Amino acid sequence: MEGGFHGNTDGSAFKQCFSLAWKNPYVLRLAFSAGIGGLLFGYDTGVISGALLYIRDDFKAVDESTVLQETIVSMAIGGAIIGAAMGGWMNDRYGRRTVILIADLLFFIGAVVMAASPAPFLLIVGRVLVGLGVGMASMTSPLYISEASPSRIRGALVSTNGFLITGGQFLSYLINLAFTKAPGPWRWMLGVAGIPALLQFILMFLLPESPRWLYRKGRSEEAERILRKIYSENEVEAEIRDLKESVEAEIKEKESCERVSLMKILRTKTVRRGLYAGVGLQIFQQFVGINTVMYYSPSIVQLAGFASNETALLLSLVTAGLNALGSIVSIYFIDRTGRKKLLVFSLFGVIVSLGVLSAVFHETTSHSPLVSSGASPLKAYTCPDYTFASNAASWDCMKCLKASSPDCGFCASEANKLFPGECLVANETVKHLCHNGNSLWYTRGCPSRFGWLALIGLALYIIFFSPGMGTVPWIVNSEIYPLRYRGVCGGIAATANWVSNLIVAQSFLSLTQAIGPSWTFLIFGLISVVALMFVLICVPETKGLPIEEIEQMLENRALHFKFWENRTDLLPKS
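To convert, count from 1 in the sequence shown and add 73; that's this note's numbering.
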């Protein structure tokens with residue numbers, strides 16, 4: 074088995090993980106309590122996509138400004154960047170459990186502020202507070218789970234964090250749908266997020282600190298007491314011995330160099346190699362476009378030609394459900410096939426599905442219904458840009474939606490939404506008049522016969538992304554760094570993830586306006602090709618390795634182009 078672990082993780086890790094429910098419920102309690110941080114991460118990612126539809130309805134300034142919409146989404150990411158950067162240092166100084174508790178408090182306060190916001194400014198403040206909590210939790214929860222898990226099922230248990238991220242996204246879409254008819258629906262959608270944060274605070278308050286962190290801080294008796302609850306009697310002594318040797322080696326290294334500086338990290342071969350792989354995976358996880366789907370999924374559905382908010386949310390729920398299902402698949406396969414093979418399979422499917430999305434949106438935008446020049450009861454509301462256009466006969470729905478003085482919308486034909494419709498001034502009065510005539514009203518996308526193909530493309534994208542690129546980067550980052558550097562390097566990698574997330578979220582709507590969704594998805598597809606090459610060349614396989622042996626594996630590894638072959642030269646030397 075690649076990586077040098079000589080146990081039967083391939084066939085039994087998944088079963089062992091779930092057998093913990095009756096064999097050792099304490100380990101499962103640790104994993105799921107910490108994993109609620111993933112639920113918060115996922116809920117915040119998903120809930121804003123639906124809430125944004127109704128925030129635009131309540132605040133005209135938001136509806137008229139693409140930049141303000143992107144800012145409301147991305148300010149949580151900006152907060153998460155700061156939270157992840159602080160989290161690395163705080164994890165090493167104060168412990169994993171303490172950081173999770175602080176993250177819960179920030180998330181809870183942020184949820185209350187968002188729900189009570191009277192204006193976009195306070196909404197943005199709440200988003201920043203929530204982001205700080207999410208940033209800290211995003212790198213701390215998998216770290217805590219990894220350090221409190223038996224090595225043979227570590228991948229499966231850390232995958233529960235990924236499952237709870239996608240479960241949080243699915244839950245957010247259910248909550249969004251539940252409150253569509255409530256007064257001020259977006260306030261309920263955003264405010265409910267405080268409940269799981271409060272629940273995790275209570276659960277984590279009753280749980281111990283990470284045993285590896287305690288051992289590193291000289292609190293060996295506490296650490297051993299916790300390890301005896303985690304490991305069976307025939308495993309615990311070997312685990313304590315390995316951990317003791319790892320900490321002693323770290324102390325010797327620390328005596329020669331007190332500070333963990335960036336230069337020290339880059340000069341240390343094992344850490345540098347781990348950081349290249351870990352940071353690279355986190356960056357590519359975002360730049361293949363996943364959070365454009367999660368943050369803007371309803372908007373993408375509307376771009377594909379589905380007009381109503383409720384329909385967009387309902388169809389987006391399908392993608393969120395597939396995302397959660399993919400995480401369950403990951404839990405099963407992560408210790409069976411290994412991290413690297415799962416990444417390769419995932420990226421190959423992502424490339425294909427992004428190609429499908431690019432082709433579908435090209436057809437959607439180039440074959441939208443024409444604008445009718447005939448008389449109608451709504452003629453008085455005709456879009457001024459269309460009225461005075463010299464080439465009005467060539468106008469179609471897409472051109473109508475690009476009119477900006479004032480903004481215009483497309484009222485589809487009552488007989489068939491693909492027939493010529495009307496280009497009208499976009500306001501609430503015209504919208505209601507269009508609906509009263511049993512027609513659909515479009516302002517963010519056009520009627521299309523290809524809309525269902527776009528949904529299939531989105532579904533394929535999620536199905537392939539979730540089991541591999543969705544969970545594996547977090548797992549690799551929780552296990553690839555030496556103990557002394559784990560908090561700092563995990564913070565660097567999480568920060569890289571959030572910075573990449575911010576760039577993508579802040580630019581997606583602007584990109585779709587500037588070059589269209591077809592070219593936008595094509596760009597993500599090309600980036601995915603680069604990501605595949607990076608994984609093939611630079612990412613090592615860590616399947617089944619006890620954490621202390623991963624350092625030896627990184628010391629011995631070279632570039633590995635033939636990922637499908639086991640590498641005996643990478644095995645830790647005894």
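Note that CB positions come from ideal geometry on N, CA and C, so glycine has one too. Given the structure is predicted, the values throughout are model-derived calculations rather than measurements.
Distance, Lys290 Cα to Ser232 Cα: Here residue 232 refers to the residue found at position 159 of the sequence shown. Here residue 290 refers to the residue found at position 217 of the sequence shown. Cα to Cα, the separation comes out at about 27 Å.
Beta-bridge partners of Phe514, as assigned by DSSP: Reading the sequence shown from its first residue, position 441 is the one you call residue 514. In the sequence as displayed, the identity of residue 514 is Trp instead of Phe. BP columns for Trp514 point to Cys484.
Beta-bridge pairing of Leu497 - partner residues as DSSP gives them: What you label residue 497 is simply residue 424 of the sequence shown in a count that begins at 1. Note: Leu497 sits in a beta bridge opposite Thr455 and Gly482.
Minimum Cβ-Cβ distance from Tyr534 to chain B less than 7 Å: The chain labelled as chain B is not found in the depicted structure, where only one protein chain is given.
Whole-Å CB distance - Met159 paired with Ile197, under 8 Å assumed: Looking up residue 159 in the sequence shown gives position 86. Looking up residue 197 in the sequence shown gives position 124. Their Cβ separation, rounded to whole angstroms, is 20 Å, which puts Met159 and Ile197 out of contact at 8 Å.
Every unbroken alpha helix (DSSP H) within the segment 253-308, with a cutoff of 4 residues, ordered by chain: 258-264, 267-278, 284-289 and 293-303
Per-residue DSSP class, three states only, for Ser477: The residue given as residue 477 occupies position 404 in the sequence shown. Ser477: strand per DSSP, three-state reduction.
Phe523 versus Arg517 - alpha carbon distance: Walking along the sequence shown from the start, residue 523 turns up at place 450. Walking along the sequence shown from the start, residue 517 turns up at place 444. Phe523 and Arg517: Cα-Cα distance of roughly 16 Å.
Residue from Pro546, Leu141 and Arg102 with nearest C-alpha to Tyr349: Reading the sequence shown from its first residue, position 276 is the one you call residue 349. Residue Pro546 is the option with its Cα nearest to Tyr349.
Buried or exposed by the 16-neighbour rule on C-beta atoms within 10 Å, applied to Gln242: Translated into the one-based positions of the sequence shown, residue 242 becomes position 169. Burial of Gln242 is indicated by the presence of at least 16 other C-beta atoms within 10 angstroms of its C-beta.
Contact belief for Leu582 with Glu143 at Cβ below 8 Å, rounded distance in angstroms: Locating residue 582 in the sequence shown gives position 509, where the first residue counts as 1. Locating residue 143 in the sequence shown gives position 70, where the first residue counts as 1. 6 Å between Cβ atoms; contact.
For Gly204 and Ala153, believed in contact at Cβ under 8 Å, the rounded distance: Stepping through the sequence shown from its first residue, residue 153 is reached at position 80. Stepping through the sequence shown from its first residue, residue 204 is reached at position 131. With a Cβ gap of about 4 Å, Ala153 and Gly204 count as contacting.
Length of the line joining the Cα atoms of Ala462 and Pro450: What you label residue 462 is simply residue 389 of the sequence shown in a count that begins at 1. What you label residue 450 is simply residue 377 of the sequence shown in a count that begins at 1. CA-CA distance, Ala462 to Pro450, rounds to 21 Å.
Stretch pair the segment 124-138 + the segment 169-178: three plus CB contacts closer than 8 Å: No: the two stretches stay apart, fewer than three of their Cβ pairs being nearer than 8 Å.
Span of the alpha helix (DSSP H), counted from its first residue to its last, around Leu443: Taking the first residue of the sequence shown as 1, we reach residue 443 at position 370. Counted as a single uninterrupted DSSP element, the stretch harbouring Leu443 is not any alpha helix (DSSP H), since DSSP gives it neither H nor E.
Three-way DSSP call (helix, strand, coil) for Asp469 in this model: For the purposes of this step, residue 469 is taken as the residue at position 396 of the sequence shown. Note: Asp469 maps to strand in three-state DSSP.
Same chain only: Cβ atoms within 8 Å of Glu137, ignoring 5 sequence neighbours per side: Against the sequence shown, residue 137 aligns to sequence position 64. The residues are Asp480.
Whole-number beta carbon distance between Gly598 and Ser431, since they are thought to touch under 8 Å: Position 358 of the sequence shown, counted from the first residue, corresponds to residue 431. Position 525 of the sequence shown, counted from the first residue, corresponds to residue 598. That belief holds up - the Cβ atoms of Ser431 and Gly598 are roughly 6 Å apart, short of 8 Å.
For Ala184, the first and last residue of its enclosing alpha helix (DSSP H): As a first step, residue 184 must be located in the sequence shown, where it is residue number 111. Per DSSP, Ala184 belongs to the alpha helix (DSSP H) from Arg169 to Ala188.
Spatial distance of Lys504 from Trp514 (CA atoms): Residue 504 sits at position 431 when you count from the first residue of the sequence shown. Residue 514 sits at position 441 when you count from the first residue of the sequence shown. The straight-line gap from Cα to Cα measures roughly 6 Å.
Thr460 classed as buried or exposed, judged by whether at least 16 other C-beta atoms fall within 10 angstroms: One-based indexing of the sequence shown puts residue 460 at position 387. Exposed.
Under 7 Å between C-beta atoms of Val433 and Leu526: As a position in the sequence shown, residue 433 is number 360, starting the count at 1. As a position in the sequence shown, residue 526 is number 453, starting the count at 1. Yes, these two residues count as a Cβ contact at 7 Å.
Residue span of the alpha helix (DSSP H) that contains Arg559, given as start and end: Along the sequence shown, one-based indexing puts residue 559 at 486. Where Arg559 is concerned, the enclosing alpha helix (DSSP H) stretches over Arg559 to Cys611.
Contact the segment 528-548 vs the segment 467-486: 3+ CB pairs below 8 Å: no
Supposed close pair Val444, Asp469 - CB separation, criterion 8 Å: By one-based count along the sequence shown, residue 444 stands at place 371. By one-based count along the sequence shown, residue 469 stands at place 396. Confirmed, Cβ separation roughly 6 Å.
Spatially closest choice to Asn574 from Glu552, Val361 and Arg169, by CA coordinates: Here residue 574 corresponds to residue number 501 of the sequence shown, with the count starting at 1. The shortest Cα separation from Asn574 among Glu552, Val361 and Arg169 belongs to Val361.
Beta-carbon gap between Leu216 and Arg169 smaller than 7 Å: Within the sequence shown, residue 216 is the residue found at index 143, counting from 1. Within the sequence shown, residue 169 is the residue found at index 96, counting from 1. Yes, the pair counts as a contact, with Cβ atoms nearer than the cut-off.
Simplified DSSP state of Glu383, which is helix, strand or coil: What you label residue 383 is simply residue 310 of the sequence shown in a count that begins at 1. Note: Glu383 maps to helix in three-state DSSP.
Lys414 (DSSP reduced to helix, strand or coil): In the sequence shown, counting from the first residue as 1, residue 414 sits at position 341. Helix at Lys414.
Residue from Leu230, Leu272, Ile596 and Met187 whose Cα sits closest to the Cα of Gly257: Stepping through the sequence shown from its first residue, residue 257 is reached at position 184. The candidate whose alpha carbon is nearest that of Gly257 is Met187.
Delimiting residues of the alpha helix (DSSP H) encompassing Asp31: Absent from the model: residue 31. The displayed extent of the chain is 74 to 647, so no value can be given.
Residue span of the alpha helix (DSSP H) that contains Phe538, given as start and end: As a position in the sequence shown, residue 538 is number 465, starting the count at 1. Phe538 -> alpha helix (DSSP H) spans Gly524 to Phe538.
Proximity below 7 Å, CB of Asn396 to CB of Ser539: Position 323 of the sequence shown, counting from 1, holds the residue named residue 396. Position 466 of the sequence shown, counting from 1, holds the residue named residue 539. Yes, these two residues count as a Cβ contact at 7 Å.
Extent of the continuous alpha helix (DSSP H) to which Ile407 belongs: Residue 407 sits at position 334 when you count from the first residue of the sequence shown. Premise fails: Ile407 is in no alpha helix (DSSP H) and is neither H nor E.
Per-residue DSSP class, three states only, for Cys519: As a working note, residue 519 is residue 446 in the sequence shown. Cys519 carries a coil assignment under DSSP once its states are collapsed to helix, strand and coil.
Beta-carbon proximity of Cys496 to Cys456, cut-off 7 Å: Taking the sequence shown and counting its residues from 1, one reaches residue 496 at position 423. Taking the sequence shown and counting its residues from 1, one reaches residue 456 at position 383. A contact, by the Cβ cut-off of 7 Å.
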